[in-house]
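Numbering (UniProt numbering), first residue to last: 1 to 880. Where a beta carbon is used, it is the ideal one built from N, C-alpha and C, also for glycine. Just so you know, these numbers come straight off a predicted model, no measurement behind them.
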């Protein structure tokens with residue numbers, strides 16, 4: 001019966017695997033159709049930026065979403081890098097003036113038109129840029145004549161070289177914005193006169209005349225004639241301005257643009273779309289609020305700067321943007337991940353093929369299968385977030401969606417709850433901690449997807465979730481080291497490889513920074529701190545008079561190291577110098593100090609629980625004092641949770657809350673643990689849904705950066721090629737995301753075991769000590785040869801601890817047994833070079849420390865040889 005059930009389960013899993021793979025293939029097919037057929041004329045979303053979009057936030061009018069791409073919010077520094085030493089000229093009517101001040105507010109929010117005559121020019125120098133507005137509603141001023149003749153003179157300082165090219169570059173505007181039309185309405189032959197102005201602008205900028213005169217600007221933007229909110233116009237304007245006239249003028253400019261496809265003139269019809277979808281943002285029907293002009297200015301900056309600036313992560317400028325080609329390191333890694341494992345599987349499957357002579361280069365099929373899954377997932381992630389294969393769109397917080405998604409997750413968790421036949425599973429048993437990680441990870445994912453960090457009342461509990469992970473880090477590793485006393489190097493390496501394998505591969509494949517995936521580095525750092533704390537004087541760890549002061553000294557030392565001004569800067573400065581990294585000490589200090597004490601509280605909690613079990617205090621409680629204490633603890637815990645939610649909601653903002661968080665996070669976490677373990681029934685009951693998510697929580701946290709979310713977490717990934725349908729996209733992308741994360745989690749466990757194998761004595765190396773694994777965030781951080789869950793270190797009894805899997809596997813790769821010395825020997829003595837290679841290979845296979853040094857050297861070389869960040873490839877649009 002058991003074998004039948006196991007067979008059915010395996011068959012079901014295989015079917016689900018094939019269905020999900022088919023879904024991924026279908027999504028890639030749809031994405032290919034969109035990219036090469038549907039959007040073939042606009043692969044970089046320039047036209048989408050200029051002509052399409054919707055408000056994601058309804059009547060609030062702050063989040064404009066172009067179709068299929070992300071509108072980047074520019075800061076003064078980025079604008080300065082894009083336009084430094086150049087001039088920006090706005091020329092036209094009052095609508096152009098409103099847009100001019102919208103652009104200025106990007107550089108300096110304090111700049112206003114107050115005190116300025118409405119019908120006057122204005123010139124400012126901000127950020128090394130000359131910003132100029134010219135009042136010229138009829139385009140007949142002297143300045144306009146200078147501009148279109150290529151004789152415009154900027155007031156910026158002359159370049160030191162004084163070369164003809166540099167002088168021309170200094171005087172030529174980087175961005176020219178022209179707005180006119182409404183003032184011609186009501187005049188005799190006004191529209192015809194306006195058409196002549198438009199005709200001449202297209203004529204003078206025609207590519208056919210480019211060799212005869214200098215370009216008048218790098219980027220020429222001809223604003224569409226604004227559609228006023230006619231019902232709000234005063235009587236005089238209503239008589240002069242008619243919808244059909246405005247439509248006629250805009251049709252004419254688009255006709256001119258379409259008849260001159262190589263023209264450098266850009267007509268952003270989206271400017272009218274923005275205002276038409278926000279009629280409440282105008283009082284006079286003609287001039288719109290600062291919110292709208294700020295959005296319109298952002299469109300101009302995205303148009304001109306997105307493809308000009310240095311292309312480095314986060315790549316969140318996806319409108320009018322061409323993704324940089326992969327560098328040689330990315331190409332090599334992608335080819336290896338995509339080709340090596342399938343090739344090995346083919347060779348192992350066809351031993352008589354000509355390629356079989358190279359079979360010694362490949363491990364066994366189970367390793368190759370895991371590597372194929374891992375590699376295929378990495379390639380999918382790369383295609384998702386480093387190419388235009390899938391669209392990226394902006395996040396939008398919605399309270400109803402946030403509440404609904406969390407409620408649905410809660411219902412699924414409760415619905416899948418089961419009670420173990422084994423009865424009481426013990427405090428923080430393996431299934432319980434996986435469940436804890438699972439529901440917290442779901443909350444964190446929803447929080448990230450909907451950009452809920454802007455809401456302090458949501459941000460603060462999510463901070464408790466992160467602290468809970470670190471609590472489990474302290475609890476689990478302390479439990480292991482206190483009981484197992486295994487401080488060996490194989491143990492350290494196996495945990496670090498399991499925690500960082502996916503992170504390190506993504507850092508190089510996606511050309512990002514290791515610390516940007518902050519969770520893996522953070523738990524790795526705390527693992528090493530816990531190891532060092534427990535290793536020093538470990539022979540006396542069973543003496544409380546030694547262990548407790550040692551823990552206190554560790555706290556003091558870590559607090560001093562991260563709170564002091566210089567130590568962390570010195571360490572990071574050395575690492576950056578030697579390894580070519582760009583780690584930010586201030587940002588890392590924030591990450592660490594925000595949850596600095598909760599790890600030690602996890603260690604102390606583990607110690608208390610272990611001592612209670614060791615001395616059997618609960619079993620010897622004949623006066624029911626424990627039951628009384630349990631009831632008191634339940635009431636205190638419930639009050640603790642109520643107090644915490646009152647406290648965090650009552651803080652003015654999340655920055656104020658962060659000041660208290662390191663000191664109060666103990667309260668809700670301890671309260672939850674007590675309530676969750678308050679009865680035998682609760683300790684024996686777990687949610688299978690939450691456990692499933694918890695078993696791949698490390699992978700979901702890391703993979704979300706590039707798949708499910710997009711643009712290095714700044715946006716969301718649109719796996720469906722249809723406009724809108726964000727809810728359907730969420731459902732489909734979530735299914736694929738969870739599937740990929742689960743497969744990567746299983747594959748990573750197998751690959752970690754393979755990378756950290758310790759050869760058997762018969763191979764030429766002694767067997768290493770058995771490796772242990774904690775039950776917590778390190779979950780499955782130990783090498784595994786199967787996916788069977790192990791008992792939790794804190795379950796049932798201290799004397800009956802987990803049967804940990806050995807570091808070496810039952811099936812050592814066949815290539816471990818091979819070396820150059822095993823091959824057929826010729827009568828000729830091998831060269832010294834071949835003997836050296838043979839020795840190094842054997843050393844690499846038999847000595848884990850040497851293997852780790854080789855990996856470290858490879859990382860060092862990769863960092864030093866990584867090509868410089870991709871330079872600008874110039875503007876996508878024509879700039880003749």
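The closest CA to that of residue 437, considering only 334, 370, 673, is found on 673. Boundaries around residue 179 are those of the beta strand (DSSP E), 175-179, since no alpha helix (DSSP H) includes it. Bounds of any beta strand (DSSP E) do not take in residue 339, whose DSSP letter is neither H nor E.
As a beta-bridge residue in DSSP terms, residue 87 pairs with 130. Here the alpha carbon of residue 53 sits roughly 17 Å from the alpha carbon of residue 281. Around the beta-carbon of residue 463, 16 or more other beta-carbon atoms lie within 10 Å, marking it buried.
The bridge partners DSSP lists for residue 237 come to none. Rounded to the nearest angstrom, the gap between the Cα atoms of residue 670 and residue 615 is 22 Å. The region 307-324 makes no contact with the region 259-278, as fewer than three CB pairs between them are under 8 Å. Distances from the alpha-carbon of residue 711 to those of 739, 863, 314 put 314 closest.
By the Cβ rule, the region 326-343 does not count as touching the region 525-536, because fewer than three pairs are nearer than 8 Å. Residue 279 holds the alpha-carbon nearest to the alpha-carbon of residue 61 among 279, 388, 549. For residue 854, the enclosing alpha helix (DSSP H) starts and ends at 848-865.
CA-CA distance, residue 273 to residue 230, rounds to 15 Å. In the displayed model, residue 595 falls within coil according to three-state DSSP, outside both helix and strand. By a beta-carbon distance limit of 8 Å, residue 288 contacts residue 98. Their separation comes to about 7 Å. Within the region 329-395, the beta strand (DSSP E) runs of at least 3 residues that lie entirely inside it are, in chain order, 391-394. Judged by beta-carbon spacing, residue 147 lies beyond the 9 Å limit of residue 103, meaning their Cβ atoms are not closer than that value.
Residue pairing for residue 303: DSSP places it in no beta bridge. Taking 8 Å as the upper bound for CB-CB distance, residue 169 and residue 129 are not in contact here, some 14 Å apart. A Cβ-Cβ separation of about 28 Å leaves residue 562 out of contact with residue 510 under the 8 Å criterion.
Between the region 64-76 and the region 709-729, the count of C-beta pairs closer than 8 Å reaches three or more; the two stretches touch. The C-alpha of residue 131 is placed about 55 Å away from the C-alpha of residue 371.
Proximity to residue 95 across 741, 37, 78, 183 peaks at 183, based on C-alpha coordinates. With respect to residue 746, residue 381 sits apart: the two C-beta atoms are not nearer than 9 Å.
In the assembly as shown, residue 737 is a buried residue. Its beta-carbon has 16 or more other beta-carbons within 10 Å.
Per DSSP, the continuous alpha helix (DSSP H) segment holding residue 404 begins and ends at 399-415. Taking a 10 Å sphere around the C-beta of residue 304, we find 16 or more other C-beta atoms and assign the residue as buried.
Per DSSP, reduced to three states, the secondary structure at residue 686 is strand. Within the DSSP secondary-structure output, residue 219 pairs in a beta bridge with 175. Between the region 623-639 and the region 491-504 there are fewer than three C-beta pairs closer than 8 Å, too few to call the two in contact. Taken through DSSP and simplified to helix, strand or coil, residue 73 comes out as coil. Residue 267: not part of any beta strand (DSSP E); DSSP gives it neither H nor E. Burial is judged here by how many other beta carbons sit within 10 angstroms of a residue's own beta carbon; residue 376 has at least 16 and is buried. Sequence-distant Cβ neighbours of residue 569 in its own chain, meaning closer than 6 Å and more than five residues away, are 585. Scanning 306, 649, 277 for the CA closest to the CA of residue 461 turns up 649.
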